[in-house]
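J.: Dropping a structure here in structure tokens format, bear with me for questions.
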Amino acid sequence: MRYELKGNILQYCNEEEEEEALANLIENVIFDSEDIYTHYKTKEKSLLKYHKDKKTPLPNLPELVIYNIIVKIPADYLQKYRYLCKSWHDIISSKMFIAQNFIHSKAELLILVKKRSYFKATSLRMDEKEFDFKLDNFGLARMGRIRSSCNGLLLINDPKIEGKLNVINFLTKCKAILPQCPSGCPHKTCGVALGFSLSTKEYKVVHIYADGFGYEIFTLGCSDNKWKCIPGPFKEPHERPFNLDTFHWSDPVSIHGQVLHWYVSSKEYVISMDVNDETPRKTYLPTPGKKIDRKRYSLLEMGGYLSFVYNVSNIKIDVWILKDFAAQVWVKKHSILSESVNYTVSKNPSLPNKYEHSLPNFHKLVALASLRNGEVMMFKHENSKNDGRIYLYEIKHMELKTFKINIKDESKVVPHRSSLVCWKTESDLLPR
Amino acid sequence: MALELKSSDNKIFEVEELVAVQSETIKSLVEDGCADNVIPLPNVDSKTLELVLDWCKNHVDMKLDEEKLKEYEDKFIEVDQAVLYDLLLAANYLNIKDLLNRACQKVADMLKGKTPEQIRETLNIVNDFSPEEEEEIRKENLWAFEE
């Protein structure tokens, strides 16, 4: 199945649906050589009245214009504006509106920090224009570990019950509880993600624990409330690129909930699965001439594509993107060169002096996530002495900045965009 | 080719066809061959029409320079509320997609900082929920599970 991944991917509705809804902003335009007038089904009178009666400073806008305005308001504000009046409530609750509003939703990174047996999350948002960011608290004070985000929904470990997974939208306060996996996995050292199948319009949780057991897939709202098992990516034990004693599966990189990519400690490939067809396959890594060191690369999502970030040397990092998943075509997006980088140090008194003016050793930089639709990359410093050191790199101007925030070794970063997706029962999540 | 547009207060504007057809409304008229005479626009006053035509002209001139165009758009939309609403209605009536989207975005940005009460005031919204109905909806949105 062919599909296109773009920057602001339409996850919920396909392109034709978006065009149609916007085209309907003007209905029934009638022309006459003498007069032009636009007919709105209900609002024509108030429109003409406004122009005659300029005393009222604020007009009754046509409903379709109101739609176009509120669809651009961020979801967290709209949650409160639901109660303004019935018409706003109906608009905000409609599936089409929720999908179109999500298109405008701003990306943020959820940084998870472990606090004893619970987790806390901080949200990082890049400024639109300046090379700067804002931090805010996210979610509850004591949560389980957030594993994955899709269409504003978070897949999260239950903080109290081991082996239990929940799907929660913190904004609309909806929660779905998943049944336990057939494998009995405690969800501590496994790879799981939430995806959305565009072809069937279903939310799927894809889980892998011991690949001999295979993949376990759960469709939210399914009638039998059971996980389905499909074979894992390796048929024979010797096919595995990793050492069974030391390796454990980790959460895959999710490309907008469409395609999932797992690191398997291989110097040649990663394991990928398109959520639409549920078929695991190998995606071969780009071969830049030399052999790839399997410990020196990271995978992340960048502008709608899978990115392979390779620490070539202590002064060079190559950034590749998988431009075409089906045809496995990689393009080298950028090379971060120590000599070309503009390094600015923020005036942060908590930074120890000796690190202040020197560029980090690129070997120690681990790419975590991308921001601003792939224009900015976030790295953490591997060295535990630099506990809490992160670097933001802006690709276009080759600017590197360092900050200190509360991020530790086991901290995870989950890209997220909030939405108003809600449900009363899980079957509401299935297409009608 | 030049077209003549007449505002609600009877002012005539002469514009290049290429500029005027940014409005889908006017474009359809031209395509249907109805644009030979002066085109009356009874729902747009001269002040607003002048602004709209400036937008259209700059979109033709700066079509290839994305950065310059964005700078122009950001400056253009910095107007007071009354003018913004006039632009919104004109863009809607004349069906100029990019102006309509930009104006709606500006209004959205203005609204998002406000409390629900302020929004009701700004947009003249009447709360038609009965207290019982409102209570019902609010209950649905409470935390349904313990922290």
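Chains as they are written, first to last, in our numbering: chain G, 1 to 432; chain R, 1001 to 1147.
Just so you know, even glycine gets a beta-carbon here, dropped at the ideal spot from N, CA and C.
If we call anything under 8 Å between Cβ atoms a contact, is G:Val206 one with G:Leu178?
T.: Not closer than 8 Å, so no.
J.: Can you confirm whether R:Phe1076, when its beta carbon is compared against all beta carbons of chain G, has any partner nearer than 8 Å?
T.: No, its Cβ sits nowhere closer than 8 Å to a Cβ of chain G.
J.: Closest to G:Val113 by CA distance: which of G:Phe131, G:Arg142, G:Ile103, G:Gly221 is it?
T.: Cα-wise, what sits closest to G:Val113 is G:Arg142.
J.: Mind listing the chain R neighbours of G:Tyr118? Cutoff is C-beta to C-beta under 7 Å, in chain order.
T.: Simply none; closest approach about 10 Å.
J.: Taking only three categories from DSSP, how would you classify G:Glu63?
T.: Helix, per DSSP.
J.: DSSP three-state call for G:Gly184: helix, strand or coil?
T.: Correct three-state label for G:Gly184: coil.
J.: List, in chain order, every chain R residue whose beta-carbon is nearer than 9 Å to that of G:Asn276.
T.: In chain order: nothing, as chain R lies at least about 31 Å away.
J.: Can you find a CB in chain G that lies within less than 8 Å of the CB of R:Asn1127?
T.: Judged by the 8 Å Cβ criterion, R:Asn1127 is in contact with chain G.
J.: Any C-beta of chain G sitting closer than 8 Å to the C-beta of R:Arg1102?
T.: By this cut-off, R:Arg1102 is not an interface position.
J.: Less than 8 Å between the C-beta atoms of R:Val1038 and R:Glu1016, yes or no?
T.: Not closer than 8 Å, so no.
J.: Return no unless some Cβ of chain G is closer than 8 Å to the Cβ of R:Ile1119.
T.: So, interface residue.
J.: To which residues of the same chain is G:Phe133 closer than 7 Å at the C-beta, ignoring the five residues directly before and after it?
T.: Once the five neighbours on either side are set aside, the close Cβ partners of G:Phe133 are Leu124, Arg125, Met126, Asp127.
J.: Do G:Leu392 and G:Val460 come within 8 Å of each other at the CB atom, strictly closer than that value?
T.: Lying before the first or after the last residue shown, residue 460 of chain G is absent from chain G, which here runs from 1 to 432.
J.: Comparing the C-beta of G:Tyr310 with each C-beta of chain R, is any distance below 8 Å?
T.: Cβ-Cβ to chain R under 8 Å: no for G:Tyr310.
J.: Looking at the structure shown, is G:Met398 part of a helix, part of a strand, or coil, going by DSSP?
T.: Coil.
J.: Determine the DSSP secondary structure at G:Tyr203, reduced to helix, strand or coil.
T.: G:Tyr203: strand per DSSP, three-state reduction.
J.: What residues in the region 318-347 of chain G bring their beta carbon closer than 7 Å to a beta carbon of chain R?
T.: Within the region 318-347 of chain G, no residue has a Cβ that lies closer than 7 Å to any Cβ of chain R.
J.: Terminal residues of the continuous beta strand (DSSP E) containing R:Thr1122?
T.: First-last for R:Thr1122: 1116-1123, but that is the alpha helix (DSSP H), not the beta strand (DSSP E).
J.: Can you name, in chain order, every residue of its own chain whose Cβ lies under 7 Å from the Cβ of G:Pro182, other than the five neighbours on each side?
T.: Closer than 7 Å at the Cβ level, and outside the excluded window around G:Pro182, lie Glu216, Trp227, Cys229.
J.: Measure the C-alpha to C-alpha separation of R:Leu1051 and G:Glu108 and round it to an integer number of angstroms.
T.: Cα to Cα, R:Leu1051 sits roughly 36 Å from G:Glu108.
J.: Could you spell out where the alpha helix (DSSP H) holding R:Val1075 opens and where it closes?
T.: Before going on, a small fix: residue 1075 of chain R reads as Lys here, not Val. Taken as a continuous stretch (DSSP letters only), the alpha helix (DSSP H) holding R:Lys1075 covers 1066-1076.
J.: Taking the beta strand (DSSP E) that G:Phe379 falls in, what are its first and last residues?
T.: It spans 376-381 - the beta strand (DSSP E) in which G:Phe379 sits, taken as one unbroken run.
J.: In its own chain, which residues sit with a C-beta less than 6 Å from the C-beta of G:Asn225, not counting the 5 before and 5 after it?
T.: Around G:Asn225: Pro179.
J.: Indicate whether at least one CB of chain G lies closer than 8 Å to the CB of R:Asp1124.
T.: A small fix is needed here, since residue 1124 of chain R is Asn in this sequence, not Asp. Closer than 8 Å to some Cβ of chain G, the Cβ of R:Asn1124 qualifies, so yes.
J.: Tell me the rounded alpha-carbon separation between R:Pro1042 and R:Gln1022.
T.: Whole-angstrom Cα-Cα distance: 18 Å.
J.: State yes or no: is the beta carbon of G:Leu84 nearer than 8 Å to at least one beta carbon in chain R?
T.: Yes, contact with chain R.
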